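**Student:** Residues in the sequence shown are numbered from 215 upward in steps of one, following our numbering.
We put the CB at the ideal spot given by N, CA and C, even for glycine.
Quick caveat, the model's predicted, so the values are computed rather than measured.
Pasting a structure below so you can have a look.
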Amino acid sequence: MSFLGTAIRNRNLARLETVWAAATLVRWALSILVALYAYDVGGAAAVGLAALARMVPAALLAPRLAMSADRHSRRAVLLASLVARLVLAAGLWALVAAESALGLVLVAAAAYGVAHSLQKPTQAALLTVHARNPAELAAANTLWSMLDNAAFLAGSLLVGALVMLSGVAAGFAACLVPLSLAIVVLVGLPPDRAPAPFEPTSPWDEAVAGVRVVWGSAELRLLTGVLMADIFVQGMVDVLIVITAIDLLDMGEQGAGWLSAAWGAGGIVGGVIAAVLIARKRVAAVVAGGLLLGGLPLITVAVWPEDGLALWLLACFGVGLGLLEVTLLILTQRLIPADVMARVYGLQETLTISAMAVGSAVASGLVLALGQRGALIGAGLLLPVTAVLIVAHRKLLAAGPTASNADFELLRAVGPFATLPVATVENLAARADHQSVDPEDDVVRQGEQGDCFYVIKVGAVDILKNGRLDAQLGAGDFFGEIALLRDTVRNATVRATTPLDLLVLHREEFMAAVCHPRTRHGLDTVAAQRQQQSD
């Protein structure tokens, strides 16, 4: 469990995890509370309408809203979203307490779902901003998944206790407390700055940037496909778990709650296991194992419908989904450029909400067509079949080389590299060489061919042009980019003035990094400024 300490020791990550826990607790609680109110007013049909009201508007608007998180401070966007949710939750409480028409309650619930759709895109982007190295990012994502499952459990228990003791309206009122806490905690997070647009783009290009990033990466296409299959099955199980508990296992209505609790507890365990296995670079094995555990227990329940066994099997199902959730979070986040992070996650919000809704509808149809056991077997087959796809494409998920945290942090601090995907920076850091230089020795000489890019780890240098001092650089600064970008000879001599420790990227690694448009633009801008200053 050392990953917990890794995440919590970073105060900014701890704040973000607290905000996520509070917001997700309310999300799960409100989904149950709105369903209960809808059932009291309009019966089973109204419950389905409530689910559509929560999901459909959010699915349609998530990508558009996520674009704002890539163009403004992510902290400010998340704070505005939380304040909106607090106001809407208070409105829901007032409407329910006044026994208002179901239509008004569903409109408020839909608006809440739209505001909540910003939570995951901004959370994912802010984690990459405040995680200092890949180990902290992996730990934060593991804790994120565990808190999601814990909030699912806690929200269900909280609603059950409050409704039993004080009624549905009290449950809505209680949701104001965690939302208020989330706002207070988030205010303490340091402000962040979103990268400004570096070239004119049309609204259409802005809107589809996330789609283009996913479509242009074989790894992201594969991971998104696995995510869709995962969420589709979850949507099916949300329906089947109730039918299974009442009709197949004869556990009564409370049995659905016990089976859901076993699922949530298994998810927490799965997150811990994923953290251990990912640290050992067993990425494809974790995904394949999660897919198998996400399917085989459902088939077993259909074949041997015993209530005690079913609880253990649903826990195993939760372990499998926990493995998947943590791994998909970590891998996806590492592959996305920071300047489109929120839009990619906004796209995923739309896809996952849609997959959840379709999965729920398909489950109902399968029960009618194949019966309860046939529907469980159908749901249980999908993810193991997907595991075959993962095994066939396992090279896409192969773990990259390991870099030291110090080298990663040094390269990530280079301005033009700040928006590169985490995996790209880590790969650069792992492939970089170290070079020590004595005082008064030259690192590069004017007129010679350039084949390396340098970042100063320790020490200082003089930049000499035609024998005259042109500039001075120190720790954290970089040089050598002009010859590589322009494919020309060195335009200056760089001489150590103190003992020097350099991180060196060779031409091949450097040119691969500058394929990212914003990185290339940033380096071109620095190169032009330096040439202009020296002329």
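Roughly how many whole angstroms lie between the Cα atoms of A375 and F386?
**Tutor:** Distance between the alpha carbons of A375 and F386 is about 13 angstroms.
**Student:** Just to confirm, is the Cβ distance from L361 to W472 under 8 angstroms?
**Tutor:** No.
**Student:** Within a Cβ cutoff of 6 angstroms, which residues of the same chain sit near S568, ignoring the five residues on either side of it in sequence?
**Tutor:** These residues qualify, in order along the chain: A273.
**Student:** Pull up the distance between the alpha-carbon of T546 and that of M450, whole angstroms please.
**Tutor:** For T546 and M450, the distance between alpha carbons rounds to 24 angstroms.
**Student:** For the beta strand (DSSP E) containing F667, name the first residue and the last one.
**Tutor:** Counting along the chain, the beta strand (DSSP E) containing F667 begins and ends at 666-672.
**Student:** Since T458 and A552 should fall inside the 8 angstroms C-beta cutoff, what is the C-beta to C-beta distance between them, to a whole number of angstroms?
**Tutor:** With 8 angstroms as the limit, T458 and A552 do not qualify as a contact, their Cβ atoms being about 43 angstroms apart.
**Student:** Quick one, which of L275, Q337, F446 has its alpha-carbon nearest M570's?
**Tutor:** Selected option, being the one with the closest Cα: F446.
**Student:** Do R721 and L699 come within 8 angstroms of each other at the CB atom, strictly closer than that value?
**Tutor:** No, they are not a contact pair.
**Student:** For the alpha helix (DSSP H) holding A352, just list the boundary residues, first then last.
**Tutor:** Note, A352: alpha helix (DSSP H), 348-380.
**Student:** Just verifying my parser: in three-state terms, what is the DSSP assignment at S650?
**Tutor:** Of the three classes helix, strand and coil, the one that applies to S650 here is strand, per DSSP.
**Student:** Quick check on L302: buried or exposed, where buried means 16 or more other Cβ atoms within 10 Å of its Cβ?
**Tutor:** Under this definition L302 is a buried residue.
**Student:** Rounded to whole angstroms, what's the CA-CA distance from L538 to E520? Just pull it up for me.
**Tutor:** In a straight line, the C-alpha of L538 is about 27 angstroms away from that of E520.
**Student:** Does DSSP put I591 in a helix, in a strand, or in coil?
**Tutor:** Three-state DSSP puts I591 in a helix.
**Student:** According to the neighbour-count rule (16 or more other Cβ atoms, all chains shown, within 10 Å of its Cβ), is N680 buried or exposed?
**Tutor:** N680 is exposed by the Cβ-count criterion.
**Student:** Can you tell me whether T707 is helix, strand or coil according to DSSP?
**Tutor:** It is a strand residue.
**Student:** What first and last residue would you give for the alpha helix (DSSP H) that runs through A443?
**Tutor:** Here the alpha helix (DSSP H) through A443 covers 432-457.
**Student:** Whose C-beta lies closer than 6 angstroms to the C-beta of L300 among residues of the same chain, with five residues either side of it excluded?
**Tutor:** Within the same chain, L300 has close Cβ partners L393.
**Student:** Which stretch, first to last residue, makes up the beta strand (DSSP E) that contains A685?
**Tutor:** Unbroken beta strand (DSSP E) run through A685: 682-687.
**Student:** Specify, as a first and last residue, the run of the beta strand (DSSP E) that H720 falls within.
**Tutor:** Run containing H720: 714-720, per the beta strand (DSSP E) assignment.
**Student:** Taking three-plus beta-carbon pairs below 8 angstroms as touching, is the region 219-232 in contact with the region 345-363?
**Tutor:** Judged by Cβ distances under 8 angstroms, the region 219-232 makes contact with the region 345-363, as three or more pairs qualify.
**Student:** Run through DSSP, which three-state label would I696 get?
**Tutor:** It is helical.
**Student:** Does the region 702-721 come into contact with the region 648-659, if we say contact requires no fewer than three beta-carbon pairs (one atom in each stretch) closer than 8 angstroms?
**Tutor:** Contact holds: three or more Cβ-Cβ distances are below 8 angstroms.
**Student:** Between V310 and the rest of its own chain, which residues show a CB-CB distance below 7 angstroms, the 5 nearest in sequence each way excluded?
**Tutor:** Counting only Cβ-Cβ distances below 7 angstroms, and skipping sequence neighbours, we find Y251, V319, V382, A383, F386.
**Student:** Please state if the CB of P335 and the CB of E662 are separated by a distance shorter than 8 angstroms.
**Tutor:** No; because the gap between Cβ atoms is not below 8 angstroms, this pair is not in contact.
**Student:** For K679, write down the residues that DSSP places opposite it in a beta bridge.
**Tutor:** Answer is R682.
**Student:** Check each candidate in H730, L603, L714, L506 and name the one with the smallest Cα separation from F631.
**Tutor:** Out of H730, L603, L714, L506, H730 has the C-alpha closest to the C-alpha of F631.
**Student:** Let me check understanding here. Comparing Cα to Cα, which of P713, V658, Y326 lies closest to G243?
**Tutor:** The displayed chain sequence assigns Ala, not Gly, to residue 243. The residue with the shortest Cα to Cα distance from A243 is Y326.
**Student:** So what's V540 in DSSP terms, helix, strand or just coil?
**Tutor:** In this structure, V540 counts as helix in the three-state DSSP scheme.
**Student:** What number of angstroms, rounded off, separates the C-alpha of L436 from the C-alpha of R426?
**Tutor:** Rounded to the nearest angstrom, the two C-alpha atoms are 14 angstroms apart.
**Student:** Roughly how many whole angstroms lie between the Cα atoms of A575 and L582?
**Tutor:** A575 and L582: Cα-Cα distance of roughly 11 angstroms.
**Student:** To test your reading of the DSSP string, which unbroken beta strand (DSSP E) runs of 3 or more residues are found completely within the region 285-355?
**Tutor:** Within the region 285-355, no complete beta strand (DSSP E) run reaches 3 residues.
**Student:** Between the beta-carbon of L590 and the beta-carbon of L512, is there less than 8 angstroms?
**Tutor:** Yes, the Cβ-Cβ distance between L590 and L512 is below 8 angstroms.
**Student:** To the nearest whole angstrom, what separates the beta carbons of A338 and M555, a pair I think is in contact under 8 angstroms?
**Tutor:** Indeed, because the Cβ distance is near 6 angstroms, the residues count as touching under 8 angstroms.
**Student:** Taking only the alpha-carbon atoms, compute the straight-line gap between P405 and E350 and give it to the nearest angstrom.
**Tutor:** Spanning the two alpha carbons is a distance of roughly 20 angstroms.
**Student:** Leaving out the 5 sequence neighbours to the left and right, which residues in its chain are closer than 6 angstroms to D665 when beta-carbon positions are compared?
**Tutor:** For D665, where only same-chain residues beyond five positions count, the Cβ hits under 6 angstroms are R721.
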